[in-house]
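Note that our numbering gives residue 216 to position 213 of the sequence shown, counting from 1, and the numbers run on in steps of one. Even glycine gets a Cβ: it sits at the ideal position worked out from N, Cα and C. Please read all numbers here as calculations on a predicted model, not as lab measurements. Read the structure below first, then the notes.
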Amino acid sequence: MKTGIVIPCYNEANRLDYSAFRSFLTFHPDYHLCFVNDGSKDDTLTFLKSMRKGFETQITIVDCKTNGGKAEAVRQGVLNMYQVQNIDYIGFLDADLSVSLEEFTDLVQTIHTDSNLKIVSGSRVKRMGAVINRNLKRHLIGRTIATLISILLGLPFYDTQCGAKVFRKELVPVGFFTPFQSAWLFDVELFMRMKKYYGIQAIMNLILEYPLRRWVHVEDSKIGASDLFKIPLQLIKIQYHYQIKPVLTLTLPSFNKVLTLEQEF
Numbered sequence: 004m005k006t007g008i009v010i011p012c013y014n015e016a017n018r019l020d021y022s023a024f025r026s027f028l029t030f031h032p033d034y035h036l037c038f039v040n041d042g043s044k045d046d047t048l049t050f051l052k053s054m055r056k057g058f059e060t061q062i063t064i065v066d067c068k069t070n071g072g073k074a075e076a077v078r079q080g081v082l083n084m085y086q087v088q089n090i091d092y093i094g095f096l097d098a099d100l101s102v103s104l105e106e107f108t109d110l111v112q113t114i115h116t117d118s119n120l121k122i123v124s125g126s127r128v129k130r131m132g133a134v135i136n137r138n139l140k141r142h143l144i145g146r147t148i149a150t151l152i153s154i155l156l157g158l159p160f161y162d163t164q165c166g167a168k169v170f171r172k173e174l175v176p177v178g179f180f181t182p183f184q185s186a187w188l189f190d191v192e193l194f195m196r197m198k199k200y201y202g203i204q205a206i207m208n209l210i211l212e213y214p215l216r217r218w219v220h221v222e223d224s225k226i227g228a229s230d231l232f233k234i235p236l237q238l239i240k241i242q243y244h245y246q247i248k249p250v251l252t253l254t255l256p257s258f259n260k261v262l263t264l265e266q267e268f
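Set out below in structure tokens:
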């Protein structure tokens, strides 16, 4: 069972761990890394091409000429991996390796051993025996946002926004064929699409949150503090697109018909 890992990259030339990626592939020939250069302005593309040498069958580079945001970069990488015939699982991981490649294999092993699961999502649960190193301010804001997301989804999620997820290849048409509405909260949209396709009862057994043993916040994040306060607006946009707009589309024709009948009388 081969797994493709999509890694979105935007100006990551100084943060990509050259040795970690190449060492991982050396000892894990059943993995394929797909780096998506999301219109970087630094030497990311040159760095990726250098890292690919000697691993041409295990590393794919998708070069997006313009910056489309993390959501679109991940989507393009997933669509690329979907075309690879011998890949059974596809996942994505942040370029800074805040979740290590080795820990990512635990997520893969979990979905591999449970045929009922469609997706396994990393969860940054701070607990005894785990190293979850998060900035306190970001953690508090994150917990507030996580609560809002859980209410919006109507699902008991603890952490939808962890950048480590793996899913069965068959999920790609459901979750990734259509572009996302949000550049950052595409994880929420992915779960919304699954909920709509499979139904709320079924989805409770199709998704597993996997408590990570280690997650370390890496400085120089692409999301600034000001972006965190824009997230509620993005959630409203998502709610309108997936929950309110479909209802309006169904009800407006009958509403117009009532108006027409009243006008005739």
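Residue 116 and residue 35 have their C-alpha atoms some 20 Å from each other. By the CB criterion at 9 Å, residue 218 and residue 73 fall outside the cutoff. The continuous alpha helix (DSSP H) containing residue 108 extends over residues 104 to 116.
As DSSP reads the structure, residue 176 sits in no beta bridge.
Just measuring C-alpha positions, the residue of 213, 239, 177 and 162 sitting nearest residue 199 is 177. Residues 36 and 54 of the same chain have their beta carbon placed closer than 7 Å to that of residue 24, with the five preceding and five following residues left out of the count. Here residue 40 really is in contact with residue 51; their C-beta atoms are around 6 Å apart, less than 8 Å. By the Cβ test, the stretch 121 to 134 is in contact with the stretch 204 to 217, since at least three Cβ pairs between them sit closer than 8 Å. Residue 169 and residue 136 have their C-alpha atoms roughly 22 Å apart. For residue 233, the number of other beta carbons within 10 angstroms of its own is below 16, and it is reported as exposed.
Taking 9 Å as the cut-off, the Cβ atoms of residue 125 and residue 7 do not count as close. Just so you know, the alpha carbons of residue 65 and residue 38 end up roughly 6 Å apart.
Shortest Cα-Cα distance from residue 86 to any of 203, 173 and 242 involves 173. It is roughly 21 Å from the alpha-carbon of residue 146 to the alpha-carbon of residue 207. Under the Cβ criterion (8 Å, minimum of three pairs), the stretch 78 to 92 does not count as touching the stretch 150 to 159. For residue 52, the enclosing alpha helix (DSSP H) starts and ends at 47 to 55. The alpha-carbon separation between residue 100 and residue 22 amounts to approximately 12 Å. Separation of the CB atoms of residue 96 and residue 42 is rounded to 20 Å, and the pair is thereby denied contact status at 8 Å. The beta strand (DSSP E) runs lying completely inside the stretch 142 to 191 and spanning 3 residues or more are 168 to 171, given in chain order.
A direct Cα-to-Cα measurement between residue 106 and residue 113 gives close to 11 Å.
Under the three-state reduction of DSSP output, residue 38 falls in the strand class. In terms of Cα proximity to residue 30, the closest of 153, 108, 123 and 76 is 108. Per DSSP, the continuous alpha helix (DSSP H) segment holding residue 83 begins and ends at 73 to 85.
With 16 or more other Cβ atoms from the protein chains shown falling within 10 Å of its own Cβ, residue 179 counts as buried.
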